[in-house]
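For what it's worth, this note's numbering labels the leading residue of the sequence shown as 341, then goes sequentially. A quick write-up on the structure given underneath.
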Amino acid sequence: MKLTGLQIFKLLPNKNCKECGFQTCLAFAMKLVAKQVRLDACPYVSDEAKAVLGAASAPPIRLVGIGTGEREVKVGEELVLFRHEKAFFHKTAIAVQVDDRLSGDALGARVREAADFSVERAGERLCIDLIAVKELSGEPERFVAAVARVREMCPLPLILISRNPACMRAGLKAAGGTRPLLWGADRDNADELAALAKEAGAPLVAAPGGSIDDLAQFAAELAGRGVDDIILAPSPAGAADRLAAFTLLRRRALSRAAPGTGYPTILSVPGGGYEGAAAAVGGICKYASIVVLETPSPWHYLPLLTLRQGIYTDPQKPLQVNPGVYRIGEAKPESPLLVTTNFSLTYYMVSSEIEASEIPSWLLVVDAEGQSVLTAWAAGKFNPEVIAKAVVAQGLDTRVPHTRLIIPGYVAMMSGDLEDKLPGWNIMVGPQESADIPVYLKEVWTRLGT
Ligand code: SF4
């Protein structure tokens, strides 16, 4: 149940002692409602109030960890249905599946491809998060061999998929205390799999089949058996059912009114190609906490991870890089000097095009509160005064012998004013699109013969 600010205030000590950092208990209560402070900032809350407030302030979707150490994957703890209401917090984990009937070479190749995939984009490293190992053989030894091989090859946390308790027990042993996610609890094996999950302290996937009401009821029963970390696996028949099932589960979880729904969700995407990619896109957008690619193609990885990055970026906090002067290549004092804003995507696009030009350069990055060039210009955050101040603050007025500054083509209109603010400087108007920077540097800059 969600409490209002006044209801929370009534549970606080009303001492107005300011030790929490706020002038009054009422102000603190309002911050609690907005989830901008933690309850333990007030040292005087009674145990009784803690019990009530703690339950009310717990996230509607449980946070569940898979794996251990640096590569641990955390999913859940989402607070909203739509990203613009606040933000999404724990990005959809992407898993690549192998099975114990694959040949050693095929299994090795798929694991290697997934584990080695790594791309830096907008300052973030994009990687596959998990490897799922599915038991299809019915033979514990083969499942163990597949799990052991994957563990040997990469440090990614595991999902073990089997409805056979003997195979799951053997696979779990082979996973060796790495706290894998166990996928396959249904009405036939619930006792054994719940016992295994509890013994290993591992999270468990509830996958009983049927409707989402059946799923929620089954999850509540698993919780009653003492399994704390549960992931819900709806079993929709097609794309429309999938969208409906995942959306309903998120809605019900956020309402806190439907027992057994307050857990992260998992989606298995059968098939590869465009159909598989489309299903995975649906899962990332609406509302799978984990997407398992059963038979992925390597070309799936980059677009899915890029999509995920866009969705899981806090809409209220643009990705930013630190303002300053960046040296690209072996830039010397006489190298070109360009200026842009500190919006992460802008910086990475501009800097990668400068790199592509193979002309070492300096890039002055101005603090524009993380906005792109035109947005920052329109908001008055990227104007002649701001740029001139940055040039002086960075000592470029004394360090750059050619006194030429290349501004983005989209803000060509400020070149005259900028020359007034930077007496003695020659303001050059660069291209509008970063993709044209290499040609500009090669054709315009090199012709200057500096
Ligand atoms: Fe009130 Fe507690 Fe803050 Fe003191 S520390 S003002 S009692 S909320």
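Backbone N, C-alpha and C define an ideal beta-carbon position, used for all residues, glycine too.
Between glutamate 479 and the rest of its own chain, which residues show a CB-CB distance below 6 angstroms, the 5 nearest in sequence each way excluded?
Close CB contacts of glutamate 479 within its chain, under the 6 angstroms cut and outside five residues either way in sequence, are absent.
Any beta-carbon of chain E closer than 8 angstroms to the one on alanine 433?
Among the chains in the structure shown there is no chain E, since it carries only a single protein chain.
So cysteine 467 is in the beta strand (DSSP E); what residue range does that whole segment cover?
Secondary structure note for cysteine 467: its beta strand (DSSP E) is the uninterrupted segment 464-467.
Per DSSP, what kind of secondary structure is glutamine 649 in: helix, strand or coil?
Looking at glutamine 649 - three-state DSSP - the assignment turns out to be helix.
Tell me the rounded alpha-carbon separation between valine 609 and alanine 454.
C-alpha separation (whole angstroms): 16 angstroms.
What's the gap between the Cα of valine 404 and the Cα of arginine 441?
About 30 angstroms.
Enumerate in chain order the residues of its own chain whose CB-to-CB distance from alanine 716 is below 7 angstroms, with the five nearest sequence positions on each side excluded.
These residues qualify, in order along the chain: Thr681, Ala708, Phe722.
How big is the Cα-Cα spacing for leucine 762 and valine 731?
For leucine 762 and valine 731, the gap between their C-alpha atoms comes out near 9 angstroms.
What are the residues that DSSP puts in a beta bridge with glutamine 347?
Its beta-bridge partners do not exist; DSSP assigns none.
May I ask which residues mark the beginning and end of the beta strand (DSSP E) holding serine 458?
Per DSSP, the continuous beta strand (DSSP E) segment holding serine 458 begins and ends at 458-461.
From glutamine 347 to alanine 369, what does the alpha carbon distance come to, in whole angstroms?
Taking the straight line from one Cα to the other gives about 9 angstroms.
Out of curiosity, what's the CA-to-CA distance linking alanine 514 and leucine 366?
Cα to Cα, alanine 514 sits roughly 54 angstroms from leucine 366.
Could you say which of Ile651, Ala620, Val661 lies nearest to tyrosine 641 if we only look at CA atoms?
Here the closest residue by C-alpha is Ala620.
Could you check what DSSP says for serine 281 in three-state terms: helix, strand or coil?
Only positions 341 to 790 of the chain appear in the structure, and residue 281 is not among them; the question remains open.
May I ask you to report which of helix, strand or coil DSSP gives tyrosine 780?
Helix, per DSSP.
Taking 8 angstroms as the threshold, find out whether the segment 466-480 comes into contact with the segment 499-513 through three or more Cβ pairs.
They touch, by the three-pair rule.
CB alanine 530 to CB leucine 500, shorter than 8 angstroms?
No; because the gap between Cβ atoms is not below 8 angstroms, this pair is not in contact.
Do you know how far the Cα of aspartate 439 is from the Cα of alanine 540?
Straight-line measurement puts the Cα of aspartate 439 at about 22 angstroms from the Cα of alanine 540.
Helix, strand or coil for tyrosine 687? Go by DSSP, reduced to three states.
Note: tyrosine 687 maps to helix in three-state DSSP.
Contact check, proline 383 vs glutamate 418 under 8 angstroms by CB: the rounded distance?
Going by Cβ atoms, the distance from proline 383 to glutamate 418 rounds to 30 angstroms, so no, they are not a contact pair.
Inter-stretch contact (C-beta, 8 angstroms, three-pair minimum) for the segment 648-665 and the segment 459-471:
Three or more Cβ pairs closer than 8 angstroms define a contact, and the segment 648-665 meets that threshold against the segment 459-471.
How about the segment 579-594 and the segment 426-438: do they share at least three Cβ pairs that are nearer than 8 angstroms?
These segments do not touch.
In terms of residues, what are the limits of the alpha helix (DSSP H) holding alanine 716?
Per DSSP, alanine 716 belongs to the alpha helix (DSSP H) from 713-718.
Could you tell me the alpha carbon to alpha carbon distance between arginine 411 and proline 636, rounded to whole angstroms?
Rounded to the nearest angstrom, the gap between the Cα atoms of arginine 411 and proline 636 is 21 angstroms.
Can you give me the C-alpha to C-alpha distance between leucine 788 and glycine 612, rounded to a whole angstrom?
Annotation: leucine 788 to glycine 612 spans about 52 angstroms, alpha carbon to alpha carbon.
Short of 7 angstroms in beta carbon distance, which residues of its chain neighbour methionine 548, apart from the five on each side in sequence? Order them along the chain.
Sequence inspection shows proline at residue 548; the methionine mentioned does not correspond to that position. The answer, listed in chain order, is Asp526, Arg527, Asp554, Leu555, Phe558.
Provide the residue(s) that pair with aspartate 439 in DSSP beta bridges, ordered along the chain.
DSSP lists Lys474 as partners of aspartate 439.
Whose CA, out of Gln363, Gly407, Ala398, lies closest to the CA of arginine 378?
Of Gln363, Gly407, Ala398, the residue nearest in Cα terms is Ala398.
Going by DSSP, which residues form a beta bridge with tryptophan 523?
Answer is Ile501, Val545, bridged to tryptophan 523.
State yes or no: is the C-beta of asparagine 356 nearer than 7 angstroms to some heavy atom of ligand 1?
Yes, the beta carbon of asparagine 356 sits closer than 7 angstroms to at least one heavy atom of ligand 1.
For lysine 414, which beta-bridge partners are listed by DSSP?
Gly405.
Tryptophan 523 beta carbon less than 8 angstroms from that of valine 487
Tryptophan 523 sits away from valine 487, with the two beta carbons spaced by 8 angstroms or more.
In the structure shown, what three-state DSSP assignment does leucine 762 receive?
Residue state, collapsed to three classes: coil.
Going by C-alpha to C-alpha distance, which of Thr344, Val490, Ala395 sits closest to lysine 371?
Lysine 371 has its Cα closest to that of Thr344, out of Thr344, Val490, Ala395.
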